[in-house]
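All residue numbers for the sequence shown refer to the working numbering, where the first residue is 138 and numbers rise by one.
Note that the Cβ used here is the ideal one computed from N, Cα and C, for glycine as well.
Following: one structure in structure tokens, then a few remarks.
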Amino acid sequence: METNLDELLKQEELWWDQRAKAHWFKNGDLNTKYFHQKSSQRKRKNTITNIQDHSGTTWQDNTKLHSIFLDYFQNIFDSSYDYFDNTIYDVVNNMISTQDYNFLNTPFTALEVKEASRNIKANFAPGPDGLTALFYHQYWEIIGPDILDYVLNILNNEGSIKDINHTYISLIPKVKTPIKPEEFRPISLCNVILKIITKTLANRIKQILPNIVHKNQSAFLSGRLVTDNSLITFETFHYINKPRKKNNGFVGVKLDIAKAYDSLEWTFINNTLKSMGFPPNLIKIIMLCITYVSFSILINGHPTDPFQPKRGIRQGDPLSSYIFILCAEVLSDMIDRDQRNDLITGISIAINAPPISHLLYVDDIILFCRAKPEEAKAIMNILKEYQKASGQKVNMEKSQMIFSPNISMEFEKEFQHHLPIKTSARIHKYLGMPTHFGRSKEQDLNFILDRVWSKLKGWKEKSLSFEGRGVLIRAVAQAIPTYIMSCFLLPKGLCEKIERDVCSFWWGSNDNKRKIHWCKKENLFKSKFEVE
138 METNLDELLK QEELWWDQRA KAHWFKNGDL NTKYFHQKSS QRKRKNTITN
188 IQDHSGTTWQ DNTKLHSIFL DYFQNIFDSS YDYFDNTIYD VVNNMISTQD
238 YNFLNTPFTA LEVKEASRNI KANFAPGPDG LTALFYHQYW EIIGPDILDY
288 VLNILNNEGS IKDINHTYIS LIPKVKTPIK PEEFRPISLC NVILKIITKT
338 LANRIKQILP NIVHKNQSAF LSGRLVTDNS LITFETFHYI NKPRKKNNGF
388 VGVKLDIAKA YDSLEWTFIN NTLKSMGFPP NLIKIIMLCI TYVSFSILIN
438 GHPTDPFQPK RGIRQGDPLS SYIFILCAEV LSDMIDRDQR NDLITGISIA
488 INAPPISHLL YVDDIILFCR AKPEEAKAIM NILKEYQKAS GQKVNMEKSQ
538 MIFSPNISME FEKEFQHHLP IKTSARIHKY LGMPTHFGRS KEQDLNFILD
588 RVWSKLKGWK EKSLSFEGRG VLIRAVAQAI PTYIMSCFLL PKGLCEKIER
638 DVCSFWWGSN DNKRKIHWCK KENLFKSKFE VE
């Protein structure tokens, strides 16, 4: 009886852990109170109580909420593609070598499928079938042979994929109190079997990507880091900000792509893969996974009626990131083409340094050129041509550009006339990193302190044991500055403030009273190698 009770309590703990989505916690830490509050907080944050339609009228009725979101996303995923100029694909023509072609064209094996299934995160949100990858991991000995036969039949024999390709769209708020459909980020919740198929495809494709994707892109590629783009951007903006002869400076442009994944045209994807030289059989399987899909939108846990999209790739599908990179290579090569033809001048920040005209990290795009009207025209022509072909749109309102300090206002306006993007004194962040430091480096990096404290403050210290607080500090609070520290030294004063907040959380504090710190800070902050 006691054994059964322990097992039930363990299952309850695991269930609340999954609902709380506290992935930094390991199962068995027995912080049920924390899990309860965390899941309640998530429910309050994600519950949609009212929404505005396109006319500005606010609705609270569930039926009307379903109708508004359904109309909004049907419009986003509806295609009006009418662009047939195939010359745009010449820039990526025959990029795949014979060796890579033969590798991509070989039949898929059971070993590849097993590896893909093991790589899927165990407790991520389930799809329409309600099963997480944990189920497949634990019961693989029983269901594995059937899964292998089913997946390999699709990958090697073009079996039907319709039965598993229905997808839920989960709405994640972009802002604190969203009131419009566009203030939600759509994340796709796919069935695990479909993820196994697309993960198998992605694992094979990613092995040849470094051979065909230029170094201007660094996302999801072996041997390339996000910090590479961050450091290059920081140094290039520093170079742009140096004073020069009048009207002889440079421009840095940060582009914002609206609905980057959702607006990608299927015809563009297909033509890009063909032009690059992917095997026809592989293209057919990829397009089956992308096109034979139906969506239902989850609103407060209840799905809407299904609808069929006509374009777009799913955020949450393992294959989507690599498809996006391949399509973005078209834009990258168009810029390279104009740079070779001297229509765009890249920036060389040092003697013998290679000229840099653009950097891409998925949909985060930075462009560099001279502040000349003819270069603004060249960039705008590229963007127009790429937008027509791909279906993606540059959000001119959210995009930004900065000029060298010697550029006159009249010259800026002439440049802006051809490239209608708002100017700014500085672009504060790129990929989460600062692009410029002012007089006070500590002030520029204060956002790190705010992020650390936001993870520590509030109800967490009251619901966590000392062990739970320690896990939170090590796994979350101390990990936040690590990304910035990989590129920049943090000021000593900022480090001390972070340590002070961590100590206050560890010992407990509130607005009225500071609790006793029973041990010196020097004894708490030690390297693992110093602990006996």
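- Residue pairing by DSSP places isoleucine 394 opposite Val531 in a beta bridge.
- Under DSSP, valine 388 shares a beta bridge with Cys506, Phe540.
- The residue from Ile519, Ile486, Lys592 with its alpha-carbon nearest to that of glutamate 372 is Ile486.
- Just measuring C-alpha positions, the residue of Gly630, Glu633, Val363, Gln354 sitting nearest serine 623 is Val363.
- With respect to phenylalanine 540, phenylalanine 387 sits close: the two C-beta atoms are nearer than 9 Å.
- In this structure glutamate 249 is not in contact with asparagine 328, their Cβ atoms being roughly 19 Å apart against a cut-off of 8 Å.
- Beta bridge pairing from DSSP links tryptophan 196 with Ile188.
- Only residues of its own chain outside the window of five on either side were considered, and among them Ile394, Ala397, Ser400, Leu401 have a CB closer than 7 Å to the CB of glutamine 529, listed in chain order.
- Two segments are said to touch when three or more pairs of C-beta atoms, one from each, lie closer than 8 Å; by this definition the stretch 269-282 does not touch the stretch 403-417.
- Between the stretch 178-185 and the stretch 283-302 there are fewer than three C-beta pairs closer than 8 Å, too few to call the two in contact.
- Under the DSSP definition of a beta bridge, arginine 588 lacks any partner.
- Around the CB of valine 467, 16 or more other CB atoms lie within 10 Å, so the residue is classed as buried.
- Going by beta carbons, lysine 525 and tyrosine 226 fall outside the 9 Å limit.
- Per DSSP, the unbroken beta strand (DSSP E) holding tyrosine 498 starts and ends at 495-498.
- Distance check between isoleucine 460 and each of Ala262, Ile420, Leu586 places Ile420 closest, using alpha-carbon atoms only.
- Under the criterion of beta carbons closer than 8 Å, asparagine 348 and tyrosine 498 do not qualify as touching, at roughly 19 Å.
- Boundaries of the alpha helix (DSSP H) harbouring threonine 337: 329-349, taken from the DSSP string.
- Here the stretch 373-386 makes no contact with the stretch 426-433; the two share fewer than three CB pairs at distances below 8 Å.
- Proximity to leucine 661 across Cys640, Lys652, Glu149, Gly645 peaks at Cys640, based on C-alpha coordinates.
- DSSP, reduced to helix, strand and coil, places proline 282 within a helical segment of the structure shown.
- Collapsing the DSSP output to three states places serine 254 in a helix.
- Boundaries of the alpha helix (DSSP H) around isoleucine 462: 457-477.
- Rounded to whole angstroms, proline 618 and isoleucine 484 show a C-alpha spacing of 30 Å.
- Taking the C-beta atoms as reference points, leucine 496 is found nearer than 9 Å to asparagine 353.
- Each residue's CA atom was taken as its position, placing aspartate 143 and serine 602 some 20 Å apart.
- For isoleucine 436, the enclosing beta strand (DSSP E) stretches over residues 431-436.
- Distance from the CA atom of asparagine 532 to the CA atom of leucine 392, rounded to whole angstroms, is 7 Å.
- Excluding five sequence positions before and after glutamate 551, the CB atoms of its chain that fall closer than 6 Å to its own CB belong to Pro510, given in chain order.
- Taking a C-beta distance under 9 Å as the contact criterion, isoleucine 298 and leucine 268 do not qualify as a contact pair.
- Residue environment for cysteine 656: exposed (fewer than 16 other C-beta atoms within 10 angstroms of its C-beta).
- Taking all protein chains in view, the Cβ of tryptophan 152 is surrounded by fewer than 16 other Cβ atoms within 10 Å, so the residue is classified as exposed.
- Within the same chain, and ignoring the five residues on either side of phenylalanine 321 in sequence, the residues whose Cβ sits closer than 7 Å to its Cβ are Leu308, Ile309, Pro310, Lys311, Pro315.
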